[in-house]
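Here the sequence shown is numbered in my numbering, starting from 302 and rising by one per residue. From the three backbone atoms N, C-alpha and C, an ideal C-beta is built for every residue, glycine too. Below is one structure, written out as structure tokens, with a few remarks after it.
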Amino acid sequence: MDFGEKLRRAIERLKAGSVDQATVKEAVKELQRALISADVDVGLVLDLSKKLEARAFEELPKGVNRREHVVKVTYELLSALLGGGTHAVPEKPKRILLVGLYGNGKTTSCSKLAKWYAKRGLKVGLVCADVARPAAYDQLKQLSERIGVPFYGDKEEKHAERIVEEGLKRHAKADLVLVDSAGRNGLDEELTREIKAVNRVFEPEQTWLVLGADLGQVARKQAQAFHDSVGVNGVILTRMDGSAKGGGALAACALTKAPVYFLGTGEKLDDFEEFEAERYLSRVMGYGDLKALLEKVKELEFDEEKAKAVLEGEFNLQMFYDQLAAARSMGPLDKVMEMMGVKSQLPREAIDVSEKKLETFKVLMDSMTKQEKKQPELMSHARLERICKGAGRKIEEARELMAHYKKMKKMFKQFSKLDSKDMEQGNMQKLFAKMQAKKKQKKLRLK
């Protein structure tokens with residue numbers, strides 16, 4: 302059971318039935334287990350527990366019942382623990398220096414950050430100032446070519462500050478210059494001296510520390526050490542997708558007062574998102590993060606007429622093909638479902654569609670005629686055999702494609718019957734609850 306599931310279980314305990322002293326105590330125990338398993342400092346956990354028990358039975362605000370009040374207080378306390386409040390990402394910084402130790406994803410984060418700012422209209426220049434790790438030059442150069450951002454580095458130069466000085470000249474017309482500094486196994490005198498030398502030449506507006514979420518509460522010590530030595534005014538937390546200690550790392554960073562600006566959530570260059578405690582908490586608790594989802598959707602180009610047709614229940618293989626292309630641009634389906642707040646409500650097989658399988662589906666549909674894509678009802682065994690032969694795939698894979706298409710069509714048909722107000726409000730949990738209720742009613746009628 303992951304961090305989010307444990308938090309959800311504690312909240313569900315509060316939502317079920319009447320809320321009394323015993324219910325709150327049990328919920329507090331569940332919260333403690335969830336937070337400690339996420340490597341949150343025990344002192345912080347006990348402090349949150351005391352505050353929750355103290356505030357749970359205070360005077361109720363008008364129009365709010367006890368259950369709603371306790372859930373709201375729990376959410377507020379957890380949000381504060383994880384660095385609540387809005388720390389807006391600087392919109393147009395001129396110079397950002399990234400620092401950090403080996404193995405935390407600093408070079409990858411540098412390219413992700415460059416892509417993020419480039420998408421927002423800034424001319425970005427990358428500089429590799431890592432003279433300790435030769436592979437860093439090659440890695441950042443390759444990544445810069447993938448995202449189409451100018452790069453400068455010098456494999457022969459052993460003084461990082463000289464590379465930065467030349468890099469500033471090369472990127473004189475850039476709106477933003479990002480410098481990837483050297484890492485070490487630990488923050489020693491040599492690394493501190495090197496970063497300070499780069500600082501003198503570069504004069505960064507922002508110095509951001511890149512930390513791995515799997516550090517848990519150890520992140521506090523590392524963040525404090527860097528802050529004391531070279532000055533840090535922001536954090537990028539990586540490996541949030543594969544660590545059970547993400548909550549502990551976020552809580553640890555909150556104690557240092559250095560805001561976490563971004564989360565690295567995967568290996569792809571687009572697996573990178575702004576951090577807001579409230580949004581992160583909503584998502585791990587199963588309430589969804591529609592803001593993040595909409596941000597991803599805005600980066601894609603959708604045909605409004607097609608989107609309208611899909612929501613009205615008209616869905617053919619051509620539309621399915623277009624949706625596959627869009628879905629692959631947005632990232633893994635399970636992450637999209639998590640943003641919608643419905644991942645925990647769907648059966649695993651409904652979202653467990655690997656990228657390899659999506660590629661197989663695409664290859665099969667590339668072998669179809671335009672008529673077959675627009676009129677899937679024409680599909681026969683003979684047609685499927687012809688398609689498989691042209692695509693070099695097995696008949697079982699073609700049948701799986703058709704089965705998946707039919708499931709998608711059925712789902713969109715259910716969406717088309719839902720209340721338009723719910724669609725406008727974006728309450729995805731409510732939508733799925735209504736869909737499930739309609740299914741149950743149908744089964745009862747059949748009986």
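What residues match up with residue i in a beta bridge as DSSP calls it?
i, result
"G305", "Paired residues: none, contrary to the question."
"G565", "F573"
"L685", "DSSP output for L685 lists no bridge partner at all."
"L512", "L538"
Do residue i and residue j have their CB atoms nearer than 8 Å?
i, j, result
"K352", "V511", "no"
"A545", "A498", "no"
"Q563", "E579", "First, the amino acid is wrong: residue 563 is Phe here, not Gln. Not a contact, by the Cβ cut-off of 8 Å."
"V425", "A437", "no"
"Q507", "P394", "yes"
"D489", "A430", "no"
"D340", "G513", "no"
"L538", "G565", "yes"
"R314", "E331", "yes"
"F358", "A335", "no"
"N500", "V531", "yes"
"N534", "A552", "no"
"L345", "L382", "yes"
"V428", "G468", "yes"
"A683", "L665", "no"
"L685", "A699", "yes"
"D619", "K675", "In the sequence under discussion, the amino acid at residue 619 is Gln, which differs from the Asp named in the question. Contact flag set, yes."
"C554", "G385", "no"
"V465", "V502", "yes"
"L308", "L349", "no"
"R694", "L570", "no"
"M709", "F621", "yes"
"P435", "K459", "no"
"V320", "R368", "yes"
"R540", "D572", "no"
"S412", "S445", "yes"
"L659", "L702", "no"
Got a sec, what are the start and stop residues for the alpha helix (DSSP H) residue i sits in?
i, result
"L423", "First-last for L423: undefined, no H or E at that position."
"T557", "547 to 557"
"Y581", "578 to 585"
"F616", "F616 -> no alpha helix (DSSP H), and no H or E assigned at all."
"Q676", "Premise fails: Q676 is in no alpha helix (DSSP H) and is neither H nor E."
"H528", "519 to 531"
Provide the residue span of the beta strand (DSSP E) that contains residue i, from first to last.
i, result
"L267", "Residue numbering for the chain in the displayed model covers 302 to 748; residue 267 lies beyond these limits and cannot be assessed."
Counting contacts by CB-CB distance shorter than 8 Å, is residue i in contact with chain D?
i, result
"R447", "Annotation note: the requested chain D is absent from the structure, which comprises a single protein chain."
message: I'd like to know if the segment 513 to 524 and the segment 394 to 408 are in contact, where contact means that at least 3 CB-CB pairs between them fall below 8 Å.
response: yes
Touching by the beta-carbon criterion (3+ pairs, under 8 Å), the segment 440 to 454 and the segment 463 to 480: Yes, the segment 440 to 454 is in contact with the segment 463 to 480.
Every unbroken alpha helix (DSSP H) within the segment 427 to 508, with a cutoff of 4 residues, ordered by chain: 435 to 448, 461 to 471, 490 to 503
Continuous alpha helix (DSSP H) assignments of at least 4 residues falling wholly in the segment 317 to 377: You should have 322 to 338, 343 to 356.
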